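Following: one structure in structure tokens, then a few remarks.
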Amino acid sequence: MGSLSTTRILVVALGVAVLAALLPFWVNVYILGLLTVAYYSGVFAMAWDLLFGFANEVNFGPTFLIGTGAYTAGILDSLYQPPIWLCVIAGTLAAVVGGVVLALPALRVRGPYFGLTTLVAVLMLQNFIVVDAHLTGGENGLTVPDVISISDTVNYEIALWFMAVSGVILFSLSRSPVGLILQASGQDAVQAGALGFNVTKHKLTAFIISAFFSGLAGALLVFYVGSASVSTLVDITVGVQIIIAAVLGGRRTILGAVLGAVFLVAMSEALRPLGDLSNFVVFALALGVVLFFPNGFFGFLTRTKEGA
Amino acid sequence: MSTAERGAHLEVAGLTKRFGGLVAVKGMTLAVEAGKILGLIGPNGSGKSTVMKLIMGIERPDAGSVRIDGVEVAGWPSHRIARMGAGIVFQHSRPLHRQTVLENIKLALLPDKLTRLIADPQTDERARAIAARVGLSGVLDRRPGTLPFADLRKIEIAKAIARDPKVLLIDEPFAGLTPKETAAFSDLICELRDDGRAVLLVDHNVKSVARLVDRVIAMYVGERIAEGSADEVMRNETVRRVYLGGAIETTARPESSFRDAATPFLEVEKISVNYGKAQALQDVSIHVHAGEFVSVVGLNGAGKTTLFNTISGLLPYAGDIRREGGTLRGRSAASIARGGIVQCPEGRELFTDMTVRENLDLGGQHLPPAACAEQISWLFELFPILRERQRQAAGTLSGGEQQMLSIARALMMKPKLLMLDEPTLGLAPVILEQISKALERLRQSTSITVLLVEQNVTFALPHADRVYVLEHARIVWEGGPAKFAAEMGTGYL
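Chains as they are written, first to last, in this note's numbering: chain A, 1 to 308; chain B, 309 to 801.
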């Protein structure tokens, strides 16, 4: 039979979120901190999957959008100390504007060039941050004067419910008529055009939505950590981690990206005794999943149920 | 605009499209009225599919006009032309594979809006009605991947009619369908015409669409060569010459004259190849003697290229292929090619950014430098134009020159058996003649063995010692070229 209904998947996912909300009663502060970061990564990965899985555009620069949002919010706070929510809104808007500026020319080119354009955008942002050190803190990173909360539990719950709400929105969108058109545009732009759909408009919208959630999550993350740095928010390897999380979780599933992000954090923690080797093991594992389970965790889970 | 054309839903005038140096469509003019069917026919590479893409806005015309209900749409993006009332049924089905048949049809019913987050409740009902009309009611909840080929075609047509187009373009409506499916599909097309739509059928042959069309336009190398009723076009002298050639002079050598009569150089024995559900080759047996020139004639989709790819070791197959008595099964494509069975692919596949000389050097990179130079100078005698063009990038050559380069590059490998896949594709008659002459010289001056697949009979027959006819994945005829025109000719109009 057909795929599991959207409502059923959402009910299960929200059930899991409620259980996760109870975790602060059980686990220690250290693990809460890891999960908080994992949840923000989950949003990054979900936003990326909307582009890769549905619009069929490989964005190698998720960190361009994240970094733009995070640094805008952080710089604004360090310069003028407005209320945090204002900084977060400004960061999100900056990411959306940055996304449009990047996507408009990038969507005109075909095939691998879109990916290359996004890759170059990351390098440019990274370079700008390093060079403009008086504003951005340069290689030392930017410390912001404010944080959302000093309570680990509050921070954890904010991250969790932010991720849950983002997940519901992105997942519902992906399963809506708009998501269907986006998927058609991604898979066969010629045919989608012949059916009367403006492919560029749909892809650009997907990029804007992806930029919105990336920027918002990036800005919130800054006010959780209390600082922003190239190595945690902008560097290419950060982007690669997000891509791996989304692919591990399952392409075109949106929610799978969260599983992937949590898995990556859990793995690198579990493998910590291996030292520098731990990353190698995680990447090798990711390679194995991509080669042998291209549908990822989420695809694997839902397929088993469909088979019944 | 004349009075007769005023009611036309689709009018095309002076439509022209160039791809680099190649003029694919040259001043094409046609009109289809509401409630009529026009057939647009032409051999491979004649530009008929390009005409369709130009009308739909998938390619931008360089000149000319396309009017739908009197509105000029030439140069518009595809989605706007679709909204003006044009719809297209692609030859290859391209459904969304993760969605069900019903969802695929619903997609076509959605408005191009970003705000429509919940589908109109009527969408479901309308999608089911359309599915019922094209005969998909029984498979609504299935995924496209689990359906037979004919049903995939029905999904395509369902999507096209979901938008209620005034002008419907259908590319090769019956390719790959059984006679029974073809009949059902024809009835459906007639119904759509009776709804008052203007229908344009694009196909290779008059014969396949003759029963449906009100009028036919025949194209050849980008230009219109005939227009009229199906009968008139079939009787037209130019059309007959394009498809069948004039009086064909053949110089066939009898099969017994080849020394390896007992064990031919290449023996293909009862091979079958499947692409998923579609059978591309079925129990095909052919043989080629050393030094012989054999042509395999067949229309698009008959399985010609599949046959070559199978011999080249690129596809899994049932049956056996032997070279000089030894089986080729289990040998890699590279080893088969190094052994001297070299394929010159359709579409040429040149390295377009490299020069002519570099392309040739690449073909001869396994030869010692002296032999390589010798081979090149011999090829320059065979194709003098390539000597002049040595330093030019292959992509800047004309279609005919590219074809010569492609053949020359294959010859750099000093093949024992050269397999030519539709060398005439998209070439003007005069160029065709040059290639034809080069092949003749090749045949007379060397002991090379050639296996040619073609749908252009004019080109395939003169050089051939023997001819096979491939139809719907099977060999249906074998004989000398002289007998071909008499026994098989009418099928190729």
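Cβ atoms here follow ideal geometry from the backbone N, Cα and C, with glycine treated the same way. Every value quoted in this text rests on a predicted model; they were computed, and no experiment measured them.
query, result
"Which chain A residues sit within Cβ distance under 7 angstroms of B/F398?", "Q191"
"Tell me which residues of the region 423–443 of chain B have at least one Cβ-Cβ distance to chain A shorter than 9 angstroms, keeping chain order.", "T423, R424, L425, I426, A427, D428 and T431"
"On a CA-only basis, which of B/A416, B/Q590, B/A718 and B/H317 is nearest B/I783? Give me that one, please.", "B/Q590"
"Counting only beta-carbon atoms, is B/S357 nearer than 8 angstroms to chain A?", "no"
"Between the region 395–402 of chain B and the region 454–469 of chain B, can you find at least three pairs of beta-carbon atoms closer than 8 angstroms?", "yes"
"Can you list the beta strand (DSSP E) stretches of 3 or more residues lying completely in the region 344–431 of chain B, in chain order?", "345–349, 371–376 and 394–397"
"Any idea what DSSP makes of B/Y528, helix, strand or coil?", "strand"
"Does B/L418 have its Cβ less than 8 angstroms from a Cβ in chain A?", "yes"
"Return the CA-CA distance between A/I242 and A/A45, expressed in angstroms with no decimal places.", "5 angstroms"
"When Cβ atoms are compared, which residues of the region 514–540 of chain B fall closer than 8 angstroms to chain A?", "none"
"Consult DSSP for B/T618 and reduce its assignment to one of helix, strand or coil.", "helix"
"When you compare the CB of A/S176 with every CB in chain B, is at least one pair closer than 8 angstroms?", "yes"
"Which of the three DSSP states is assigned to A/V165 in this structure?", "helix"
"Just confirm the distance between the C-beta atoms of A/A92 and A/G215, as a whole number of angstroms; I'd bet it's less than 8 angstroms.", "What sits at residue 92 of chain A in the sequence shown is Thr, not Ala. A/T92 to A/G215, Cβ: 4 angstroms. Contact."
"Using the C-alpha atoms, what's the distance from A/V247 back to A/V258?", "11 angstroms"
"Which of the residues in the region 362–376 of chain B, read from start to end, lie with their CB under 9 angstroms from any CB of chain A?", "M364, G365 and I366"
"With 9 angstroms as the limit, tell me which residues of the region 379–398 of chain B have their beta carbon closer than that to any beta carbon of chain A; keep them in chain order.", "P385, S386, H387, R388, I389, A390, R391, A394, G395, I396 and F398"
"If you draw a straight line from the alpha carbon of A/G98 to that of A/L125, how long is it in whole angstroms?", "11 angstroms"
"Do B/A538 and B/V510 have their beta-carbon atoms positioned less than 8 angstroms apart in this structure?", "no"
"Which partner residues does B/S603 have in the DSSP bridge list?", "B/L760 and B/V775"
"Compute the beta-carbon to beta-carbon distance between B/S620 and B/I594, rounded to the nearest angstrom, for a pair I have assumed lies under 8 angstroms.", "Rounded, the Cβ-Cβ distance is 15 angstroms, inconsistent with contact."
"Any idea what DSSP makes of B/N582, helix, strand or coil?", "strand"
"In the structure shown, what three-state DSSP assignment does A/V27 receive?", "coil"
"Among A/I31, A/F52, A/N127 and A/D146, which one has its Cα closest to the Cα of A/Y80?", "A/D146"
"Under 6 angstroms Cβ to Cβ from A/A192, same chain only, skipping five residues before and after it: list those, please.", "A184, S185 and V199"
"Inspect the CB distances between the region 353–373 of chain B and the region 564–571 of chain B and report whether three or more fall short of 8 angstroms.", "no"
"Between B/R471 and chain A, is the shortest Cβ-Cβ distance under 8 angstroms, so that the two count as touching?", "yes"
"Kindly indicate the opening and closing residues of the beta strand (DSSP E) around A/A20.", "Here A/A20 belongs to no beta strand (DSSP E); instead the alpha helix (DSSP H) covers T6 to A21."
"Relative to chain B, which residues along the region 194–217 of chain A have a C-beta separation below 8 angstroms, given in chain order?", "A194, L195, G196, F197, N198, V199, K201, H202 and T205"
"Counting only the same chain and skipping the five closest in sequence on each side, list residues whose C-beta sits under 6 angstroms from that of A/N295.", "G250"
"Less than 8 angstroms between CB atoms is the rule here; does A/A55 satisfy it with respect to chain B?", "no"
"Quick check on DSSP: helix, strand or coil for B/D479?", "strand"
"Using beta-carbon positions only, say whether B/Q710 and B/L658 come within less than 8 angstroms of one another.", "yes"
"The beta strand (DSSP E) that contains B/K334, what's its start and end?", "L330 to E341"
"May I have a chain-ordered list of the beta strand (DSSP E) segments no shorter than 3 residues that lie completely inside the region 617–675 of chain B?", "626–631 and 649–652"
"Out of curiosity, what's the CA-to-CA distance linking B/M309 and B/E545?", "Residue placement at B/M309 is poorly supported in this model, since its pLDDT is 40, which falls under 50; the coordinates are not used for a value here."
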